[in-house]
Amino acid sequence: MTVLLRYHDNNFTRYTAGDTEPNQDTIMSNPLLENHRLPPFSAIKAEHVEPAIDHALSTARNKIDTILSTLSEPTWDTLVQPMEDMDALIDSVWSPVSHMNSVVNSEELRQAYNACLPKLSEFSTELGQNEMLYQAYKAIAEGAEYQKLDTAQKKVIDNAVRDFRLSGVELDQQQRDEFKKLSQQMTERTAKFEENLLDATHAWRKLIT
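Per this note's numbering, residue 6 is the first one in the sequence shown, and the count goes up by one each step.
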């Protein structure tokens, strides 16, 4: 059964192929978007990677808009939990790809992996520089509800506020653009370093006589 991402009642869930959203063949048959307890590594091919990431990021952007447009009072249940669920779903798509790129690397998979890195970097920076989200998280951190949360929940919120600042949310627009450019460059160079390391590891031989 093919199951895709959907947002409903402040939660991200997955929906079946019989539902109306979306019906593209490349999405409906994509193992990265199916509901499995464990990743279906044997079914995942390079051609599945970019469509799955495109779909996951598009879904995430739409749901962030939905959260913010309907958010009357930011709380754990109305803001933080839906954002955590969204992050977990993106991770459920990308983590198998990242793992496979490390252990069963091929030219096709590498190309698909590298095609997605700038998209993920752009989304991460876009999310980290979203001032409305930042202010909503700050409102929770500085509000009365914060004291009612458990230690783990407080840590999630504290880390989120920290990460917004580290992503340049308090910078002016010119500095934000420069931060985004540098983040993209770092992503590209990190990926190239990892490729070189992987290739060198695979190429190493020791002859024992």
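C-beta atoms are modelled at their ideal positions from N, C-alpha and C, and glycine is treated no differently.
Alpha carbon of residue i to alpha carbon of residue j, nearest angstrom
i	j	result
Asn67	His60	11 angstroms
Gln178	Asn135	12 angstroms
Thr7	Leu37	Low local confidence applies: a pLDDT of 36 at Thr7 is under 50, so the model's placement there is unreliable, and no value is given.
Arg154	Glu147	It is Leu, not Arg, that sits at residue 154 in the sequence shown. Each residue's Cα considered, the two are about 12 angstroms apart.
Val102	Ile95	11 angstroms
Leu125	Thr192	9 angstroms
Glu55	Asp163	32 angstroms
Arg170	Leu212	52 angstroms
Leu202	Gln116	16 angstroms
Glu113	Leu62	22 angstroms
Leu43	Asn110	20 angstroms
Asp182	Glu39	36 angstroms
Phe198	Phe184	21 angstroms
Ala196	Ala149	43 angstroms
Arg210	Tyr118	27 angstroms
Gln180	Gly173	8 angstroms
His207	Ala65	36 angstroms
Glu200	Arg194	10 angstroms
Lys50	Ser74	37 angstroms
Ile72	Thr83	8 angstroms
Ile69	Leu76	10 angstroms
Lys186	Leu176	14 angstroms
Ala120	His41	25 angstroms
Pro27	Thr156	Confidence is the limiting factor: at Pro27 the pLDDT is only 46, short of 50, which leaves the residue's position unreliable, though a coordinate-based value still follows. Going from the Cα of Pro27 to the Cα of Thr156 covers about 39 angstroms.
His53	Ala93	19 angstroms
Ser97	Thr214	46 angstroms
N-terminal and C-terminal residue of the alpha helix (DSSP H) that residue i is part of
i	result
Asp96	86-108
Asn201	178-208
Met126	The residue asked about is misnamed: residue 126 is Ser in this sequence, not Met. Counting along the chain, the alpha helix (DSSP H) containing Ser126 begins and ends at 112-133.
Gln152	Where Gln152 is concerned, there is no enclosing alpha helix (DSSP H), given that its DSSP letter is neither H nor E.
Lys211	Segment: none, Lys211 is in no alpha helix (DSSP H) and carries neither H nor E.
Asp168	156-171
Nearest neighbour of residue i, chosen from the options [CA to CA]
i	options	result
Ser188	Thr130, Arg210, Tyr151, Leu73	Thr130
Met91	Glu112, Ser126, Leu132	Leu132
Gln140	Glu183, Ser107, Asp168, Ala117	Asp168
Met88	Val161, Gln190, Arg194, Arg170	Val161
Tyr151	Ser34, His41, Val85	Val85
Pro123	Thr75, Ile58, Ile49	Ile58
Asp204	Ala93, Ser107, Lys186, His41	Ser107
Glu127	Thr156, Gln190, Ser97, Ala93	Gln190
Inter-residue CB distance, residue i and residue j (contact presumed, cutoff 8 angstroms)
i	j	result
Met137	Phe46	Between Phe46 and Met137 the Cβ distance is about 38 angstroms, and since that is not below 8 angstroms, they are no contact.
Gln158	Trp81	6 angstroms
Ala144	Pro79	5 angstroms
Could you give the uninterrupted runs of the beta strand (DSSP E) lying entirely in the segment 35-66, keeping only those of 3 residues or more?
As for any beta strand (DSSP E) of minimum length 3 sitting wholly inside the segment 35-66, there is none.
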